[in-house]
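Peer 1: The following block contains the structure, expressed as structure tokens.
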Ligand SMILES: C[S@@+](CC[C@H](N)C(=O)[O-])C[C@H]1O[C@@H](n2cnc3c(N)ncnc32)[C@H](O)[C@@H]1O
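Numbering (the numbering used here), first residue to last: 3 to 310.
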């Protein structure tokens, strides 16, 4: 069961017009979408997008009594095209709740979990060509080390990458728990960490397989272009790499000039498009974290399209 994170906080920011047009770019099991349905009127148009067709079908069944809900299988990096195909050119609010859903984590065949034994897959869209297996068994040491360091922010990336390359010389690493064992045995003696030793490496592989950071960077300008003046973009992230991309984009698009500090006259012509509504990101309350561990690292940032 997937419990939506920061639900009330997100809905408070997102919905400015109960008869408006809203896009949930990561509809998943529809937890946030259900909240949007409850807080809007039947005249509202609600679009849900997910790249995982399996989850989308479950959500389609759950939402079947709501004629104003349109669900589309797709990657939010194609947001403009997806909305164009629905003849929608402007919207009141856009929600992006990043990361994996509990449905994906709990299905061991999907290979996202370091607790359950399954194939090394990790594709959110099962039509993607490359699985985690391909990275783990075919990638050169340097590339593995680089993504584990960069996307996992793992200080033992070098040891883990070497451990993987050594292990696969004997036979391929085929399952999640085989990989966990390799990671565990690559850690330095006496190593202790509060979180699971494979967490950062799994995060790195997942980000790479699904091109998560690229998709996020690509959707941001499209989302801003699609918002009506006064419309809001709400983004929930779960690790610092995602949060940094959102924070820096919001900061840039809420400034009028991007010329270097010492330049007396603006030559860039950049004009602010956004007002940031969350100076600090909204985080889950201790009560929410107590009931939902996923909420622990969540951060909600919200920006509003300026009125010209
Ligand atoms: C954290 S879950 C969303 C949960 C949802 N908000 C809820 O309350 O039920 C993230 C979902 O986004 C989807 N997703 C992640 N990246 C995506 C992308 N680039 N395009 C489309 N869907 C994406 C995943 O497949 C997953 O179902």
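The beta-carbon is built from N, C-alpha and C at its ideal position, and this holds for glycine as well.
Owing to the predicted nature of the structure, the values given are computational and were not obtained by experimental measurement.
Starting from residue 278 and walking both ways along the beta strand (DSSP E), at which residues does that stretch end?
Peer 2: Looking up residue 278 in the chain shown gives position 276. Run containing residue 278: 276 to 278, per the beta strand (DSSP E) assignment.
Peer 1: Are there 16 or more other CB atoms within 10 angstroms of the CB of residue 175, so buried, or fewer, so exposed?
Peer 2: Taking the chain shown and counting its residues from 1, one reaches residue 175 at position 173. Answer is buried; the Cβ neighbour count reaches 16.
Peer 1: So who's on the other strand from residue 305, going by DSSP bridges?
Peer 2: Here residue 305 refers to the residue found at position 303 when the chain shown is read from its first residue. Partner(s): 235 and 278.
Peer 1: Within 10 angstroms of the Cβ of residue 310, are there 16 or more other Cβ atoms? Answer buried if so, exposed if not.
Peer 2: In the chain shown, the residue the question calls residue 310 occupies position 308. Classification of residue 310: exposed, given that the 10 Å Cβ count is below 16.
Peer 1: Under 7 Å from any heavy atom of ligand 1, does the C-beta of residue 101 make it?
Peer 2: Counted from its first residue, the chain shown places residue 101 at position 99. Flag set: Cβ of residue 101 near ligand 1.
Peer 1: Please classify residue 171 as buried or exposed, where buried requires at least 16 neighbouring CB atoms within 10 angstroms.
Peer 2: Here residue 171 refers to the residue found at position 169 of the chain shown. Label assigned to residue 171: exposed.
Peer 1: The alpha helix (DSSP H) spanning residue 194 covers which residue range?
Peer 2: Translated into the one-based positions of the chain shown, residue 194 becomes position 192. Counting along the chain, residue 194 falls outside any alpha helix (DSSP H), and DSSP gives it neither H nor E.
Peer 1: Identify the continuous beta strand (DSSP E) that holds residue 140 and give its terminal residues.
Peer 2: Position 138 of the chain shown, counting from 1, holds the residue named residue 140. Run containing residue 140: none in the beta strand (DSSP E); it sits in the alpha helix (DSSP H), 134 to 140.
Peer 1: With distance defined between alpha-carbon atoms, name the residue in 300, 283, 282 and 53 nearest to residue 128.
Peer 2: On the chain shown, residue 128 is found 126 positions in, with the first residue counted as 1. Nearest option by C-alpha distance: 53.
Peer 1: Give the secondary structure of residue 219 by DSSP, where H, G and I count as helix, E and B as strand, and everything else as coil.
Peer 2: Looking up residue 219 in the chain shown gives position 217. Three-state result, residue 219: helix.
Peer 1: For residue 293, which three-state DSSP category applies?
Peer 2: Counting from one through the chain shown, the residue named residue 293 turns up at place 291. The answer is helix: DSSP assigns residue 293 an H, G or I state.
Peer 1: For ligand 1, any of its heavy atoms closer than 7 Å to the Cβ of residue 131?
Peer 2: By 1-based counting over the chain shown, the position of residue 131 is 129. Residue 131 Cβ: outside cutoff for every heavy atom of ligand 1.
Peer 1: Tell me whether the stretch 291 to 302 and the stretch 213 to 231 touch, counting them as touching only if at least three CB pairs, one residue from each stretch, are closer than 8 Å.
Peer 2: No: fewer than three Cβ pairs fall under 8 Å.
Peer 1: From residue 42 to residue 204, what does the alpha carbon distance come to, in whole angstroms?
Peer 2: Locating residue 42 in the chain shown gives position 40, counting from the first residue. Locating residue 204 in the chain shown gives position 202, counting from the first residue. Spanning the two alpha carbons is a distance of roughly 38 Å.
Peer 1: Straight-line CA distance for residue 123 to residue 206?
Peer 2: Taking the first residue of the chain shown as 1, we reach residue 123 at position 121. Taking the first residue of the chain shown as 1, we reach residue 206 at position 204. Whole-angstrom Cα-Cα distance: 13 Å.
Peer 1: With a threshold of 8 Å on Cβ separation, who are the neighbours of residue 252 within its own chain once the five nearest residues in sequence on each side are excluded?
Peer 2: In the chain shown, residue 252 corresponds to position 250, counting from 1. Excluding positions up to five away in sequence, the list reads 276, 278, 303 and 305.
Peer 1: Compute the minimum distance between the beta carbon of residue 65 and the heavy atoms of ligand 1, and state whether it is under 7 Å.
Peer 2: Locating residue 65 in the chain shown gives position 63, where the first residue counts as 1. The answer is no for residue 65.
Peer 1: Leaving out five residues on either side along the sequence, give the residues of the same chain with a beta carbon under 7 Å from the beta carbon of residue 45.
Peer 2: Looking up residue 45 in the chain shown gives position 43. For residue 45, where only same-chain residues beyond five positions count, the Cβ hits under 7 Å are 21.
Peer 1: Taking 7 Å as the cut-off, is the CB of residue 294 close to at least one heavy atom of ligand 1?
Peer 2: Counted from its first residue, the chain shown places residue 294 at position 292. Checking every heavy atom of ligand 1 against the Cβ of residue 294, none is found closer than 7 Å.
Peer 1: Does the Cβ of residue 15 have 16 or more other Cβ atoms within 10 Å, making it buried, or fewer, making it exposed?
Peer 2: As a first step, residue 15 must be located in the chain shown, where it is residue number 13. The residue in question, residue 15, is buried, as its Cβ has 16 or more Cβ neighbours within 10 Å.
Peer 1: Let me check one thing: in DSSP terms, what residues is residue 121 bridge-paired to?
Peer 2: Within the chain shown, numbered from 1, the residue matching residue 121 stands at position 119. Residue 121 pairs with 177.
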